[in-house]
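S.K.: Those protein sequences? They're chains W, F and C, same order as listed.
Numbering of the first sequence is given in numbering that gives the first Met the number 0, commencing with residue 0 and proceeding in unit increments.
Numbering of the second sequence is given in numbering that gives the first Met the number 0, commencing with residue 0 and proceeding in unit increments.
Numbering of the third sequence is given in numbering that gives the first Met the number 0, commencing with residue 0 and proceeding in unit increments.
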Amino acid sequence: MKLKNLEFLGPVFIIAGLLVSRYLFPNKITFFTEISIYTIYVMGNNILMGYMGYTSFGQPFYLSCGAYSAAIYLAYIGGNVFVAIFVAFLVGLLLSFILGPSLMRLKGSYFTLINASLCAIGVFMFERLLIDITNGNDGLWYRSNMHKTPLLDIRMPQNYFFFILIVLLAALYLYRKIDRSALGTVLKAASTNPRKMRFLGYNVFRIRWMAFTISVVFSTIAGALYSVNFGFVNPSLGENSRAIEVLLATLIGGIGTVYGPFFGALGFLGMKDFVSSFLSRWEFVVGIMTLIVLFKFNRGLWGMIQDAGSFLADTGRKFKNNSVKTAEK
Amino acid sequence: METWFTAVIYGLSTSGILFLVSLALSIGYGLMRIVNMEAMLYYSFGAYVTYSIVSMTGSFILGAIGATVIGGILGFVVETTLLRKVYHRNMMFTMVVTFSVFMIGIGVIQFIYGLDPKPLASPTSAIIRFMNVQIPLYRLIIIGLAVVAYILIQLLMNKTITGKALRAGIENRENVEGLGVNINRIFTTTFVIASAFAGLGGALNAPLVMVGPYMGFDMLLTAFITVILGGLGSIKGTMVAALILGQVVSVGGTIWAPLAFVGPFIVMFITILIRPTGLYGVKGTAFGFND
Amino acid sequence: MNQGNKLLNVEKLNVCYGKLAVVFDVSVNINAGEVVFLVGRNGAGKTTLLRTIAGFLQPASGEIEFNGKNLNKTGAYKTARMGLKYIHQDKQVFGDLTIRENLELSSYATKDYDWDPVFKMFPKLNTIIERKAGNLSGGEKQMLLIAMAMIGKPALVMLDEPTEGLAPHVIKDLAAIFKEISRTTTLFIVEQNLPLIASIADRVYCMKEGKVVNEITTREQISSMHFEQYL
Ligand SMILES: Nc1ncnc2c1ncn2[C@@H]1O[C@H](COP(=O)(O)OP(=O)(O)O)[C@@H](O)[C@H]1O
Ligand SMILES: [Mg+2]
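What follows is the structure, encoded as C-alpha cells:
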C-alpha cells in the first residue's frame, strides 16, 4: 500500500532530486539541465531498444532534426521559444509519419542500418545541402532572436532549468502511463513474439508505428530543448559516431524501464563529465563502457537500485518474521 | 565523352576498394551470422599502417604488405577472442558489441596518431593515355589488385577443400562438425583472409582519401550498402554490388555532385523496397522484412 | 571386430537446455558389434541424448566414455574424428555441394578413408555423383548421409530416426543396409518403425520423459514388439 504510493511519486522524487542538487552545486546548473534534456532523449531511445527490441544507430538524426527545426524557426521565422519547441514536435510527427510505415516493417538489423544511413544523410543535409540556411559547420546562432517569454523568462539559464524540469516531469508521467498501459505490455510482447500477438488480434504494425512516433517525438523535442539551451546548433550534434552514446546511456540506466533513462542519463553524463576532465579520447571510453555494461551489468543502474530495494524489503520481511517467531516462543 | 570514360575508370577503382573492404562484412555475416561493424577497423588500421611505413621507408609496396598483415592479425585477434563468444547471441547484441569494438579501435587510432588527418602521396603519378583520355596508373593498379583478390577468393571457395567445408558450414555448421571438421579453424582462416583484404583496401585507399580516425565510419555505411545490395554472404554478389556502387558514386557524382554521397543510400532504399535479400542473397536471412 | 567389448558407456547422464532439464540419470552401454535401438515418444529426449554423446551439447553431469576415453568435454568434431559419427534427424546434406563434394568433405577430416565399400553399398550414388545434393530425394539423402558417415570407417554410428518420412520400399532397403553395416560397425539407432526394430535389433532401450525406463534384451521380447507401449 505504502510502496504503491511511493511508486506513483517516482517522477516527483527525480525532479526534487534535481532541484536539490541544483542548489547544492550552484555552478553545475547547465549540467543538471543537460541531464534533464538527455533523459528525454534516452527515453525516446528506450522505447525502441527496451520496449520494441530495435537498436537504432541513428538516434542523433532525430535529435538534430528537432534541434534544427527549432533553430531554423527561431533564426528566420519567429522568436517564441514555445512555438519553436512545438515546431520540433510537429517535425517529429512528420518524420515518423513518413518513415514509420517502412521502418516498422523492417527486420532489426535493417532497421539499425537504415537509421545509421539516415544519420549520415542528416549530417550531409545540414552540413552541405542546406548550407545557405544552416551555415554548415559554422553552426546556426540565434540566441539574440529569442523573445522574452511571459511569466518565466526562459532565456535565463536558471529559469530555463525550471522550465526543463516541468517538461521532464510531464514526460516522466507520460512515460509511466505508457509503460503501464496496454501499449507498453503489447510492445514488449510483440518484440519477443510478433506472430503470436498478431494471432491474438493485435495490429502489431500499427502499435509499433505509434510507439515509433512517441520515440521520435521525444527525440526531436529533446533536440529542440538542447538547441534552445545553447541558442546554437551545428551538424556535429547528428554525427553517426555519437549514435552509440545514447545506446550506452540507455544500457547504463537499464533498458525497458520507466526510470532507467533518467539514471542512464545521469550515469552517462556524470561519467562523461568525470572522464573528459582528464581524458580526451572519448570514443575509447564509450566503447569500453558499453562492452562492460553489455557483458557484466546488463540490468543497469535502475535494475541495481530495484535489486537493492527488493533485497532490503526481503531482509526487512525476514527480520519481521523472525521477530514474530521469537515473540511466539 | 572523355569525362565519362574517366568517370567509369575512377568508378571501377572505387568498386575495387569497396569490394576489398566489404568482403569482411559479407563473410562475417555469411559464416558467423554476425553483423561485424568492427570490420572497418581493419581498413582504417591498414591505411594508418601504410602511412607509417611509407613515412619510415618510403616504400608503398611495403606499406601495403604491412597493411594486409595488420588487417589479418586484427581479424584473427577479434575473431578468436570476441566474435566467437557472441555467435550465439542475438543480432542486436552482436551489433552493439562490434560497434563498441569499432569505437574502441577509433579511440586507439586517435591515441596513436592524433586527430589530424594524415596525407599520403600516391605511389605513382604515372598517367596512361588511352584514346585521348588520361588515366592515372594507380587507379588501374587498384582495379587489377581487386580482380586478383576476387579470383583468389573464388578459387579458395570453389576449388579447395577448405572452401567446400566453408560453403557447407554456411549451410549447416553442426553437420560439418559432425563429419569431424574443425569448423572454427576454417572460419578463422577465412575471416583472417577477409580482414587482410580489408587492410589492403585501406592501404590502397589511403592516397585517395585523407587518412583520419573516422575514415572507417565513412566507409562503414558504403560497405554495408554493398553487402546488402549484393546479398549477405554471397561473394559474387558483393563483387557485382561493388561494381554498381562504384559507378553510382563516380558517374552519378559527375552528373550531379551530391549523388556521389547520397547515391549509395538511394540504391540501398530501392534494394530494400524491391528485393530485401539483395541481388544474390539467400532467403531467410536476418535482413529483410518482419514476417 | 572384437565382439562384446564395451564400446560406449554412458553413466547417469543429465542434460539441460538452460534451466530446463530434459535427460535424467540416463545410463546406456553399447558393446562392439551390437545393433542397439532407442525408442520413445516425441519429446522423450532421444535426440538430446544422442547430441550430447556426439558432443554438440555439454552434459550437466554424468560420464560418457567411448573406447575407454572420456568424452564429457570433447567437442563434436573431435568426437567424430575418434570414430563416433552421428547422423542428424533432419537429413540435411550440403545441398549447395555435389555428392562428390559431400563425400570429399567427409573424407577431409579422416586420414583413413575408403570410398569403394561405400560405393559397393550404394551403387546409385556413384552414378549420380556430380549431382547437387540438394536435389536428391529423402531416401537418397539418407543414403548419402550414411555413406558420408561410413567413409571414415567409424567404430560406432548413431542414427536419429533414419526412416522418418521415407517410403516403405526405401525403409526395406535401409533395413538391408543396416544389416550389412552391422557386420563391421556398431549401430545405435533411434527409431519408431516397429518392424524394422524387430527384424534387426540386438537390444532396445526405452525412454520416457527423459529417463530410460526399460531395457529389452531377449530376442523373443524384441520380436514380439514388447516395446510398443513406449511409442
Ligand atoms: N534447443 C532446445 N531448447 C530447449 N528445449 C529443447 C531444445 N531441443 C529440445 N528441447 C526439448 O527437450 C525435450 C526433448 O527433446 P528431444 O530430445 O528432441 O526429444 P525426441 O528426440 O525424443 O523427440 C523436448 O521437450 C523438447 O521440447
Ligand atoms: Mg528427436
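Cβ coordinates follow ideal geometry from the N, Cα and C atoms, glycine included.
Listed from N- to C-terminal order along the chain, which residues in the segment 39-65 of chain C have their beta-carbon within a distance smaller than 7 Å of any beta-carbon of chain F?
M.R.: Hits within the stretch, in order: A53, F55.
S.K.: Give every residue of the same chain whose Cβ lies closer than 6 Å to the Cβ of V214/C, excluding the five residues on either side of it in the sequence, and list them in chain order.
M.R.: The amino acid occupying residue 214/C in the given sequence is Glu; Val does not appear at that position. Hits under 6 Å: Y204.
S.K.: Does DSSP put E10/C in a helix, a strand or coil?
M.R.: Three-state DSSP puts E10/C in a strand.
S.K.: In chain F, what lies closer than 8 Å to S240/W by C-beta?
M.R.: Those are M102, I105, Y213, F216, listed as they occur along chain F.
S.K.: For a contact meaning CB atoms closer than 9 Å, what does E103/C contact in chain F?
M.R.: Ordered by position in chain F, the residues that pass the 9 Å Cβ test against E103/C are I160, K163.
S.K.: Measuring only between beta-carbons, confirm whether D111/C sits less than 9 Å from chain F.
M.R.: No - not a single Cβ of chain F is within 9 Å of the one on D111/C.
S.K.: Would you mind reading off the limits of the alpha helix (DSSP H) that contains Q133/F?
M.R.: Unbroken run through Q133/F is the beta strand (DSSP E), 132-135; no alpha helix (DSSP H).
S.K.: Anyone know if the C-beta pair for T67/F and L199/F falls short of 9 Å?
M.R.: Yes. Within cutoff.
S.K.: Looking only at C-alpha atoms, which of Y72/W, G16/W, F294/W, G91/W sits nearest to F217/W?
M.R.: Comparing Cα positions, the closest option is G91/W.
S.K.: Under 9 Å, CB to CB, which of the residues in the segment 277-290 of chain W have a partner in chain F?
M.R.: Of all residues in the segment 277-290 of chain W, S279, R280, W281, E282, F283, V284, V285, G286, I287, M288, T289, L290 have a Cβ within less than 9 Å of some Cβ in chain F.
S.K.: Relative to ligand 1, is the shortest distance from any of its heavy atoms to the C-beta of Y112/F smaller than 8 Å?
M.R.: Checking the Cβ of Y112/F against ligand 1 gives no.
S.K.: Rank Y279/F, T49/F, L22/F by C-alpha distance to the C-alpha of G230/F and give the top, closest one.
M.R.: Closest by alpha carbon: Y279/F.
S.K.: Mind listing which residues of the segment 219-244 of chain F have their C-beta closer than 9 Å to chain W's C-betas, in chain order?
M.R.: The segment 219-244 of chain F vs chain W, Cβ under 9 Å: L219, L220, F223, I224, I227.
S.K.: What do you reckon, are the CB atoms on I14/W and L167/W nearer than 9 Å?
M.R.: Against a cut-off of 9 Å, the Cβ pair of L167/W and I14/W comes out as a contact.
S.K.: Could you name each continuous beta strand (DSSP E) segment of 3 residues or more that falls completely within the segment 225-310 of chain W, going from the start of the chain to the end?
M.R.: Qualifying beta strand (DSSP E) stretches: none in this window.
S.K.: Mind checking whether the beta-carbon of T51/C lies closer than 8 Å to any heavy atom of ligand 2?
M.R.: Flag unset: Cβ of T51/C not near ligand 2.
S.K.: Tell me which residues pass a beta-carbon proximity test against ligand 1: closer than 5 Å to any heavy atom, given in chain order.
M.R.: With the cut-off at 5 Å, the residues found are Y16/C, V21/C, N41/C, G42/C, A43/C, G44/C, K45/C, T46/C, T47/C.
S.K.: Do the CB positions of G306/F and V20/F come within less than 9 Å of each other?
M.R.: With chain F represented from 0 up to 290, any question about residue 306/F goes unanswered, as that position is not in the structure.
S.K.: Quick one: any contact between the segment 22-31 of chain F and the segment 267-278 of chain F, if contact means 3 or more CB pairs under 8 Å?
M.R.: Because the criterion of three Cβ pairs below 8 Å is not met, the segment 22-31 of chain F and the segment 267-278 of chain F do not touch.
S.K.: Counting pairs of beta carbons, one from the segment 44-52 of chain C and one from the segment 83-90 of chain C, are three or more of them closer than 8 Å?
M.R.: Short answer: they touch.
S.K.: Contact criterion: CB-CB distance below 9 Å. Does Y16/C meet it with respect to chain F?
M.R.: For Y16/C, the answer is no, since every Cβ of chain F falls outside 9 Å of its Cβ.
S.K.: Quick check: does the Cβ of Q57/C come within less than 8 Å of any heavy atom belonging to ligand 2?
M.R.: No.
S.K.: How should K163/F be labelled, buried or exposed, when 16 other C-beta atoms within 10 angstroms of its C-beta is the threshold for buried?
M.R.: Buried.
S.K.: Which of the three DSSP states is assigned to E160/C in this structure?
M.R.: Here E160/C sits in coil by DSSP.
S.K.: Look at the alpha carbon of M157/C and the alpha carbon of N66/C, and state the distance between them as a whole number of angstroms.
M.R.: Taking the straight line from one Cα to the other gives about 15 Å.
S.K.: Could you tell me the distance, in whole angstroms, from the CA atom of G143/F to the CA atom of A241/F?
M.R.: Their backbone Cα atoms lie some 15 Å apart in a straight line.
S.K.: Who are the neighbours of P135/F on chain W, taking C-beta pairs under 9 Å?
M.R.: Chain W residues near P135/F: none, gap ~27 Å exceeds 9 Å.
S.K.: Taking the CB atoms as reference points, tell me whether I234/F and V266/F lie closer together than 9 Å.
M.R.: No, these two residues do not count as a Cβ contact at 9 Å.
S.K.: Can we count E160/C as close to ligand 2, meaning its CB is less than 8 Å from some heavy atom?
M.R.: It does: the Cβ of E160/C is within 8 Å (strictly closer) of some heavy atom of ligand 2.
S.K.: Skipping 5 residues on each side, what residues in its chain have a beta carbon closer than 8 Å to that of D290/F?
M.R.: Per-residue confidence for D290/F stands at a pLDDT of 40, beneath the threshold of 50, marking its modelled position as unreliable; the derived number appears in the next sentence. Around D290/F: no qualifying Cβ.
S.K.: Using a threshold of 9 Å, state whether the C-beta atoms of S226/W and G65/W are closer than that.
M.R.: Yes; because the gap between Cβ atoms is below 9 Å, this pair is in contact.
S.K.: Which residues in chain F sit within 7 Å of M147/C, going by Cβ to Cβ distance?
M.R.: Going along chain F in sequence order, the residues near M147/C (Cβ under 7 Å) are L178.
S.K.: May I ask you to report which of helix, strand or coil DSSP gives W277/F?
M.R.: The residue you asked about is not Trp; residue 277/F is Gly in the sequence shown. In the structure shown, G277/F sits in coil (DSSP, three-state: anything other than H, G, I, E or B).
S.K.: When burial is assigned at 16 or more other CB atoms within 10 Å of the CB, is Q246/F buried or exposed?
M.R.: Counting Cβ neighbours within 10 Å, Q246/F comes out buried, since at least 16 surround it.
S.K.: Could you tell me whether any Cβ in chain W is nearer than 9 Å to the Cβ of N289/F?
M.R.: Caution is warranted here: a pLDDT of 46 is assigned to N289/F, below 50, making its placement in the model unreliable, and the coordinate value is therefore given only provisionally. It does; some Cβ of chain W falls within 9 Å.
S.K.: Is DSSP giving T148/W helix, strand or coil here?
M.R.: Of the three classes helix, strand and coil, the one that applies to T148/W here is coil, per DSSP.
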